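Here's the structure, in structure tokens; my notes come after.
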Amino acid sequence: MKVILSTLNAKYIHTSLAIRCLKAYSEKDFDIELAEYTIKDPVMNIVSDLFQRGADVIGFSCYIWNIEETIKVIDVLKKIMPEVKIVLGGPEVSYDTEHWMKRLANVDFIVVGEGEETFHQLLQELEGDRKFHFVYGLAYRKGEEVIIMPGRPKADLNELPSPYRFAEDIPELGKRVVYFETSRGCPFSCQFCLSSIEVGVRYYDIERTKSDILYLIDNGAKLIKFVDRTFNIKRDYALEMFKFLIENHRGCVFQFEITADIMRPEVLDYLAENAPPGVFRFEIGVQSTNDPTNELVKRRQNFTKLSRTVTKVKQSGKIDQHLDLIAGLPLEDYNTFRKTFNDVFALGPEELQLGFLKMLRGTGLRLDADKYNYTYMDVAPYEMLSNDVLSFADIVRLKRLEDVLEKYWNSHRMDHTVNYLIEREFSSAFDFFQEFGDYWEGQGWQKIGHQLEDLFTRLQSFLESRGTQRMDMVLGLMKLDYFLNHKYKPRKIWWEHTLEKDDWSSYMKMVLQHPDALLSPAVADVGKESTGKTDVASQQPQPYREMIPAFASLKLGEKELQKHAVLDVLPFSLDHILSGGSPLTAEGRTLLLVVYQQNGQQKPLYYTMPIGKNIAAI
């Protein structure tokens, strides 16, 4: 009996841990093959591939992001392979299982919950006496009747074989994300999350975990994403794992989901002192800072402690942080969500993801949907459309905000510009992204694509349309950001006025004659001026800036600068603005020099020189 375990991943670089766990458990007794696709693959391509592989049993791992595409594949498969047994499993079909069995006539079995033992026993029965009523955790058909067996007790994790050591995975380890679990379960009871349904947390033996991670690193893994719902719930376990990964990372990057308000000070101190820059990434689910909302959805959260953790991690400049928000939770209207957004944005995360509430099957919030007048999509991903305090019109506006947030903040294409605008020109971060998002849609730009320079010209159009003050300063920062977005000297620019040839030659001569007069950003700061608002720019981590070598040490001649550098003059003191100074006291001009291809990271280096009346002194 040949078995294929398959899934449709969201992207090619993703891998499915679930089907690997099933194969590891059952491959000693059955011929099992893995087949991964993406939700973007044409249905006929997937079906054709599965047909050519040939199988007696095909199992699919199902989630909200792939269930509808998976159903299309199944329906075609059953037409051309009517004898094949179709098995579904995964969180999307483990709840409301009777609904799925009745809706999907082409599905023969559903494995409910943890699948290793259930799937293995199902295969044994398919090959043997077919007494499916002996298989706990299974849904099956008996004529026209749907039978759902009682759930199976949770497995002893240390009795499960490793899913990380398949020889066929080795060639792809360095090209894809490796998903890894050190535990199962979640200690919390958030009513919008499936993880809250499983009570308690079970751990794999830590020495086994270390061995598996070393195997993956030895065989070329570049990014390991831990799927534990709260990696730091046990202080000693987390600290030992952090120490192990620091000592053995060899360039591999590790991503964790952590609960920030329970992170112990000694763990933070250890990471601040010992974590190599760029090796760890933290994902932190804040979701809401509205206390009545958090209380209602049973989400215990101390935002003061959370802020302290995020700030301390950020100050170390070593660990990128990805903070999550959910719009649409109960009691969170448009105005309180504005506060939530600004509260979290003020922490200066490298990424701020704005998600919209999904009314997941099996969650307490879906069961209580009528209490809060929720309307939501009937099919996955079950995204909410409105509730009693947040209208669909509000959702539409927040979607616009989300769009420009991704383009202009999470992409880090314009950090200097956006930080300045939020600090100086808009009431808050939320207002900047919301106003820009409304303008973006009003221009119809959501219907067309964009190149890098389009993002700059569209921001300029928006800012000019609202009469933004000191556009000369904004455009100067935009030029800096544009230059820093390139690995190589850009071939074109989006602004109209450039240096005259004679001026360019004069400034280039000055640079060559006085290389020590050029300042790197790490030493170009001046006194900080308070504005009374949260200074987002000052909270940005600066590991890159600290690595900039002195310009004179590059020993570049005129030929190299002609080939690998750009020059521009900004009509204000750039260093004064970047250090948080007021636009009103940014007198002077700045010569900006950006140099490309002078370091191993292929990141541009930039230098400044004040120019004006005192230039003769240089």
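Sequence positions in the sequence shown follow the numbering used here and run 1 to 618. Glycine included, C-beta positions come from ideal geometry on N, C-alpha and C. Bear in mind that the values here come from a model prediction, so they are computed numbers and not experimental data.
Item	Value
Sequence ranges, alpha helix (DSSP H) only - wholly within the region 398-442, length at least 4	415-424 and 429-442
Status (buried if at least 16 other CB within 10 Å, exposed otherwise) for Q469	exposed
Of the residues A586, T590 and H486, the one placed nearest L605, counting alpha carbons only	H486
Run of the beta strand (DSSP E) containing M609, from where it starts to where it stops	L605 to I611
Cβ neighbour criterion (16 or more within 10 Å) applied to T304	exposed
Identity of the residues DSSP links to M384 by a beta bridge	Y376
Ordered list of beta strand (DSSP E) runs contained in the region 277-330, each at least 3 residues	280-287 and 320-327
Contact check, W65 vs A18, beta carbons under 7 Å	no
Of the listed residues Y204, N248 and K85, nearest to P276 (C-alpha basis)	N248
Spatial distance of V112 from P153 (CA atoms)	12 Å
Collapsed DSSP secondary structure at F356 in the structure displayed	strand
Contact under 7 Å by Cβ, H120 with S48	no
Local Cβ density within 10 Å of P541, reported as buried at 16 or more and exposed below that	In this prediction, P541 scores a pLDDT of 36, lower than 50, which makes its location untrustworthy; the coordinate-derived value is nonetheless stated afterwards. Buried: at least 16 other Cβ atoms inside 10 Å.
Neighbourhood of F462 by C-beta, 7 Å cutoff - its chain only, sequence neighbours within 5 removed	F436 and Y439
Separation of K358 from H14, as counted between CA atoms	22 Å
Exposure label - I58; buried when at least 16 CB within 10 Å	buried
Endpoints, the beta strand (DSSP E) within which D31 is located	D31 to T38
Status (buried if at least 16 other CB within 10 Å, exposed otherwise) for H576	buried
DSSP-derived helix/strand/coil call for Q255	strand
Span separating the alpha-carbon of D324 from that of V286	6 Å
Helix, strand or coil at C62 [DSSP, three-state]	coil
From K489, G476 and G449, residue whose alpha carbon lies closest to that of Q460	G476
Close-in-space but distant-in-sequence residues of the same chain around S307 (CB under 7 Å, 5 per side omitted)	L347
Cα-Cα separation between A369 and I217, rounded to whole angstroms	45 Å
Residues sharing a beta bridge with I4, DSSP	E33 and I58
Among R53, S61 and E69, nearest to K40 - alpha-carbon criterion	E69
Distance between H133 and G89 (C-alpha atoms, nearest Å)	18 Å
Residue of L271, D481, H99 and F456 minimising C-alpha distance to I319	L271
Those residues which DSSP pairs with G185 across a bridge	V201
Extent of the continuous alpha helix (DSSP H) to which Y507 belongs	K501 to Q513
Reduced DSSP secondary structure (H/G/I, E/B, other) of V389	coil
Where S16 sits in the DSSP three-state scheme	coil
Residue span of the beta strand (DSSP E) that contains V566, given as start and end	A565 to L570
Chain D contact for Q446 (CB, 7 Å cutoff)	The chain inventory of the structure shown lacks chain D, comprising one protein chain alone.
P42 CB to nearest heavy atom of the ligand FAD below 6 Å	Ligands displayed in this structure: none; no statement on the ligand FAD is therefore possible.
Own chain, CB closer than 7 Å to K298, minus 5 neighbours either side, in chain order	S189, C190 and Q191
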